[in-house]
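Engineer: Counted from 1, the sequence shown has number 336 at position 328 by my numbering; the numbering is strictly sequential.
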Amino acid sequence: MKNVTKLVVMKRKKFIERTTLGFSSVLISPYVFSEKSEFTNKKKTAFTPFALATWNVQQAVTIAGKALDKGTSSLDAAIQGVAVEEANTLNTTVGNGGAPDREGNVTLDACVMDSKGNCGAVLAVENITHVAALAKDVMEKTPHVILTGEGARKFALSQGYQAENLLTEDSKKAWRKWLEKSNYQPEINIENHDTIGMLCVDQQGEISGACSTSGLAYKMKGRVGDSPIIGSGLFIDNNVGAAVATGLGEEVIKTVGSFLIVELIRQGKSPQEACEEAIKRILTKQKEKPSFQVAYIATNKKGELGAFSIHKGFSYTIYKNQKSQNIDAKSIY
Ligand code: SD4
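This is the structure we're talking about:
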C-alpha cells in the first residue's frame, strides 16, 4: 500500500512539474494525468482546464478560467468569458458599444458550439447585449440552429433578455465622423479588432467555444461575417480539437477557416501548422500583400495550441493554472 501511495505522489509531482513550467510548456506538454486509486483500483482522469481567446482579453479569460477551475462546463465557461467583452462598452467590436453599420444600427453576431457537436447562432441581432448566451438558447430551446435579425430579437425578449440601446455616444460620434467621407476601408488591427472568440477545455477534457462580434464597423445593413457561421468563425470536434477566427470575415468564410483547421489537425498537423496552413490558403488567392487581417487560434485534444495571423499585431490570451497571459502570435508579415 505504501509503495502505491509513493507512486501516486511521484506521478502527481511529475504532473505539477510539467504543468508549472510556464505557458510555453503548453505547446509540448500533455495536460492529462491519470492515477489508480489505491482503494478502488479504478482509473481516474483529470484535465487541467484552460480558456483561450483572441486578442488581449485578460479579464474575459480569467472569468472563464476560474469558472472552469470550479468545475463549470466548457460551454458555460466560454459564454461567461465572452459576456465580459459583450458588456464592455469600450470594446467597439463586440456587444454593447459595438460600432454600428453605415446606417447607425448596432447589429451583433454570435455562435456557440459544444463538445457534442451541438451549435447555435444568432445573426444581425439588435438591442441585445449577450448574444453568445442567446445563441446557446437558440441551440437548446428551439428546433433550429440559426435565428436572424428581428426573429432573434423577438426570441431574446421572449426569453427575458432586456432590450437595450447599444449605440454609445462615443460610437455615435465616430460613426458621424465616418459619414463625412463614408470611405469603407477597414484598417488592419485598428478599426475592426477585438472580436472575441473563446475556446474552453473543462475538467472532463470537453471542448466548447463561443464567438461574439458586432462585425465590421460601417458595414452595409444586413452584412454578416464569419463569426456566427459554424465552420468559419468557430468549429469544435471534441475528438480532434477546435479553432476560432478573427479578422476580415469575408476571407474566413471563403476558406471555411475554422473547419479547415480542425480537419488539418485530424490529418496529423499540429494546431500551429494547421493555423499557418489556413492563413496560407487565404493568401494563395491574393495577388499582392493584402491590406486586411485574418487570425486564428486553435487547440488539439492534447492541449497543444496554435495561433497565426496575416499581419503582425494579433495576440491571444490564455488562462491556465490560475494564471492569465497575453501572447503575441506569429504572422506572415
Ligand atoms: C467579422 N470576423 O465580422 C469579424 C470581425 C472581427 O475582430 O473579427 N473583428 O468579419
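Where is the CB? At the ideal position from N, CA and C, for every residue including glycine. These numbers were taken from a predicted model, which means no experiment stands behind them.
By Cβ distance, which residues of its chain are closer than 6 Å to L83, with the 5 residues on each side in sequence left out?
Structural biologist: D122 and S216
Engineer: Is DSSP giving T70 helix, strand or coil here?
Structural biologist: Here DSSP, grouped into helix, strand and coil, assigns T70 to helix.
Engineer: Which full runs of the alpha helix (DSSP H) of 4+ residues lie inside the stretch 244–297, going along the chain?
Structural biologist: 257–262, 265–274 and 279–291
Engineer: In terms of residue numbering, what span does the beta strand (DSSP E) encompassing A306 cover?
Structural biologist: V302 to N308
Engineer: Do E284 and G322 have their beta-carbon atoms positioned less than 8 Å apart in this structure?
Structural biologist: Per the sequence presented here, residue 322 reads as Phe, with Gly not at that position. No, these two residues do not count as a Cβ contact at 8 Å.
Engineer: For the alpha helix (DSSP H) containing S179, list its first residue and its last residue.
Structural biologist: E177 to K189
Engineer: Give the list of continuous alpha helix (DSSP H) stretches no shorter than 4 residues that lie fully inside the stretch 78–113.
Structural biologist: 82–95
Engineer: In angstroms, rounded to a whole number, what distance separates the CA positions of S339 and K288?
Structural biologist: Cα-Cα distance, rounded: 11 Å.
Engineer: Taking the C-alpha atoms as reference points, what is the distance between K297 and M147?
Structural biologist: K297 and M147: Cα-Cα distance of roughly 39 Å.
Engineer: Please confirm if L60 has its CB atom under 8 Å from at least one CB of chain D.
Structural biologist: Considering every chain present, this structure includes no chain D. It has just one protein chain.
Engineer: Can you check which of these residues, A141, G103 and N64, is closest to I335 by C-alpha distance?
Structural biologist: N64
Engineer: How many angstroms separate the CA atom of K309 from the CA atom of L187?
Structural biologist: 47 Å
Engineer: For the stretch 147–158 against the stretch 168–187, do three or more pairs of beta-carbon atoms, one drawn from each stretch, fall closer than 8 Å, so that the two count as touching?
Structural biologist: no
Engineer: Tell me whether I237 is buried or exposed, calling it buried when 16 or more other Cβ atoms sit within 10 Å of its Cβ.
Structural biologist: buried
Engineer: If E111 sits next to G103, beta carbons under 8 Å apart, how far is it from one beta carbon to the other, in whole angstroms?
Structural biologist: Their Cβ separation, rounded to whole angstroms, is 19 Å, which puts E111 and G103 out of contact at 8 Å.
Engineer: So the alpha helix (DSSP H) F322 belongs to, where does it begin and stop?
Structural biologist: Note, F322: premise wrong, no alpha helix (DSSP H); not H, not E.
Engineer: Looking at S190 and I204, is the spacing between their C-beta atoms short of 8 Å?
Structural biologist: no
Engineer: Tell me whether Y324 is buried or exposed, calling it buried when 16 or more other Cβ atoms sit within 10 Å of its Cβ.
Structural biologist: buried
Engineer: In the DSSP output, what is M206 paired with across the bridge?
Structural biologist: Within the DSSP bridge table, the entry for M206 names A61 and A218 as partners.
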